[in-house]
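**Q** Under my numbering, think of the first position of the sequence shown as 512, with each following residue one higher. Note that the Cβ used here is the ideal one computed from N, Cα and C, for glycine as well. In this text, all values refer to a predicted model and were calculated from it rather than measured experimentally. Take a look at this one; I'll ask things after.
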Amino acid sequence: MTFLLYVLVVLHVIISLFLIGVVLLQTGKSADLAGAFGGQGSQTAFGPRGAANLLTKMTTYAAIFFMLTSVGLTIVLSRTTATDHSVLSGAATPGKK
512 MTFLLYVLVV LHVIISLFLI GVVLLQTGKS ADLAGAFGGQ GSQTAFGPRG AANLLTKMTT
572 YAAIFFMLTS VGLTIVLSRT TATDHSVLSG AATPGKK
């Protein structure tokens with residue numbers, strides 16, 4: 512079970528770095544290179560929104576995998592450790608001293 516935990520942690524870190532990179536590669540609306548020089552962007556090879564659609568799909572899939580690995584890490588971590596990890600587990604009860 513700990514091997515699965517290590518695999519999920521490594522996969523989670525790789526996906527998060529990929530997600531950061533894909534989000535940083537995206538541009539805002541009308542912020543492409545053709546718009547900076549006054550062009551309409553209709554003469555590009557993939558069309559004005561071709562590259563944006565690919566980056567949007569990659570972002571969506573990376574976000575889905577990020578969420579799945581987050582849930583998987585939570586489940587695997589809760590099953591590998593038998594001790595209680597609650598915030599209130601070490602707090603004293605109000606009526607007892």
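1. Could you give the residue range of the alpha helix (DSSP H) that holds residue 516?
2. Using a Cβ-Cβ cutoff of less than 8 Å, which residues in the same chain neighbour residue 519 once the five nearest sequence positions on both sides are dropped?
3. Beta-carbon within less than 8 Å of residue 570's beta-carbon, same chain only, minus the 5 sequence neighbours each way: which residues are those?
4. Classify residue 580 as helix, strand or coil using the three-state DSSP reduction.
5. From the DSSP output, in three-state form, read off residue 585 for me.
6. Excluding sequence positions up to five away, which residues of its chain have a Cβ less than 6 Å from the Cβ of residue 517?
7. Determine the burial state of residue 575: buried for a count of at least 16 other Cβ atoms within 10 Å of its Cβ, exposed for fewer.
**A** Considering the structure as presented:
1. From DSSP, the alpha helix (DSSP H) with residue 516 extends over 513-536.
2. 580, 583, 584, 587
3. Result list for residue 570: 530, 533, 534, 537, in chain order.
4. helix
5. helix
6. Nothing listed; no residue qualifies.
7. exposed
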